[in-house]
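Visitor: Can you keep this structure in mind? I'll have questions shortly.
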Amino acid sequence: MSAPGIYYHVGKFLVWIWHNHTQKKKIKYEDIIFQYPIKLFWIVGIIAGILFIIIGYALFRLTKDL
(Lines of atoms letter the chains of each structure in order from A and count residues from 1; the text may use other names and numbers.)
(Lines give C-alpha, C1' and ligand atoms only; values in the text may rest on other atoms or scores of the structure.)
Protein backbone atom coordinates (compact mmCIF):
# COMPACT_ATOMS: atom_id res chain seq x y z
CA MET A 1 0.00 0.00 0.00
CA SER A 2 1.34 3.39 -0.93
CA ALA A 3 1.65 6.27 1.50
CA PRO A 4 -1.21 8.29 -0.05
CA GLY A 5 -3.42 5.19 0.08
CA ILE A 6 -2.95 5.00 3.82
CA TYR A 7 -4.55 8.44 4.24
CA TYR A 8 -7.50 7.38 2.09
CA HIS A 9 -8.11 4.18 4.06
CA VAL A 10 -7.69 5.87 7.45
CA GLY A 11 -10.17 8.54 6.38
CA LYS A 12 -12.59 5.93 5.11
CA PHE A 13 -12.33 4.00 8.38
CA LEU A 14 -12.87 7.13 10.51
CA VAL A 15 -15.89 8.21 8.45
CA TRP A 16 -17.34 4.70 8.74
CA ILE A 17 -16.90 4.72 12.54
CA TRP A 18 -18.41 8.20 12.75
CA HIS A 19 -21.37 7.18 10.58
CA ASN A 20 -22.11 4.03 12.58
CA HIS A 21 -22.03 5.91 15.88
CA THR A 22 -24.12 8.90 14.80
CA GLN A 23 -26.71 7.35 12.48
CA LYS A 24 -29.40 4.87 13.43
CA LYS A 25 -28.95 2.81 10.27
CA LYS A 26 -25.67 0.91 10.27
CA ILE A 27 -23.90 0.29 6.97
CA LYS A 28 -21.15 -2.08 5.95
CA TYR A 29 -17.60 -0.81 5.56
CA GLU A 30 -17.63 -1.71 1.87
CA ASP A 31 -20.78 0.35 1.26
CA ILE A 32 -19.51 3.59 2.82
CA ILE A 33 -18.19 4.77 -0.56
CA PHE A 34 -21.77 4.98 -1.86
CA GLN A 35 -22.85 7.31 0.98
CA TYR A 36 -20.06 9.91 1.02
CA PRO A 37 -17.78 11.49 -1.61
CA ILE A 38 -14.25 10.15 -1.99
CA LYS A 39 -12.78 13.61 -1.31
CA LEU A 40 -14.17 13.40 2.22
CA PHE A 41 -12.11 10.26 2.90
CA TRP A 42 -8.96 12.01 1.66
CA ILE A 43 -9.59 15.16 3.70
CA VAL A 44 -10.36 13.28 6.92
CA GLY A 45 -7.37 10.96 6.40
CA ILE A 46 -4.93 13.80 5.77
CA ILE A 47 -6.18 15.75 8.79
CA ALA A 48 -5.88 12.62 10.96
CA GLY A 49 -2.36 11.99 9.62
CA ILE A 50 -1.29 15.54 10.40
CA LEU A 51 -2.72 15.26 13.92
CA PHE A 52 -0.92 11.94 14.47
CA ILE A 53 2.38 13.52 13.42
CA ILE A 54 1.89 16.58 15.65
CA ILE A 55 0.87 14.49 18.66
CA GLY A 56 3.77 12.09 18.12
CA TYR A 57 6.25 14.95 17.84
CA ALA A 58 4.84 16.63 20.96
CA LEU A 59 5.05 13.39 22.95
CA PHE A 60 8.61 12.86 21.73
CA ARG A 61 9.62 16.36 22.83
CA LEU A 62 7.91 16.00 26.21
CA THR A 63 9.52 12.66 27.01
CA LYS A 64 12.91 13.85 25.78
CA ASP A 65 12.94 16.65 28.37
CA LEU A 66 12.22 14.29 31.27
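Residue numbers (UniProt numbering): 1 to 66. Glycine residues also receive a C-beta, built at the ideal position from the N, C-alpha and C atoms.
Can you tell me where the alpha helix (DSSP H) with F13 in it begins and where it stops?
Guide: As a first step, residue 13 must be located in the sequence shown, where it is residue number 13. Note, F13: alpha helix (DSSP H), A3 to T22.
Visitor: Quick one: using the 10 Å Cβ neighbour count with 16 as the cut-off for buried, is W16 buried or exposed?
Guide: Locating residue 16 in the sequence shown gives position 16, counting from the first residue. With 16 or more Cβ atoms within 10 Å of its Cβ, W16 is classed as buried.
Visitor: Let me check understanding here. Comparing Cα to Cα, which of E30, L62, K39 and L59 lies closest to Y8?
Guide: For the purposes of this step, residue 8 is taken as residue 8 along the sequence shown, with counting starting at 1. The candidate whose alpha carbon is nearest that of Y8 is K39.
Visitor: Going by beta carbon distance, what residues of the same chain come within less than 8 Å of W42, once the five residues before and after it are set aside?
Guide: As a first step, residue 42 is located in the sequence shown; it is residue number 42 there, counting from the start. The answer, listed in chain order, is Y7, Y8 and G11.
Visitor: Between I46 and Q35, which are expected to be in contact by the criterion C-beta below 8 Å, what is the C-beta distance as a whole number of angstroms?
Guide: By one-based count along the sequence shown, residue 46 stands at place 46. By one-based count along the sequence shown, residue 35 stands at place 35. I46 to Q35, Cβ: 20 Å. No contact.
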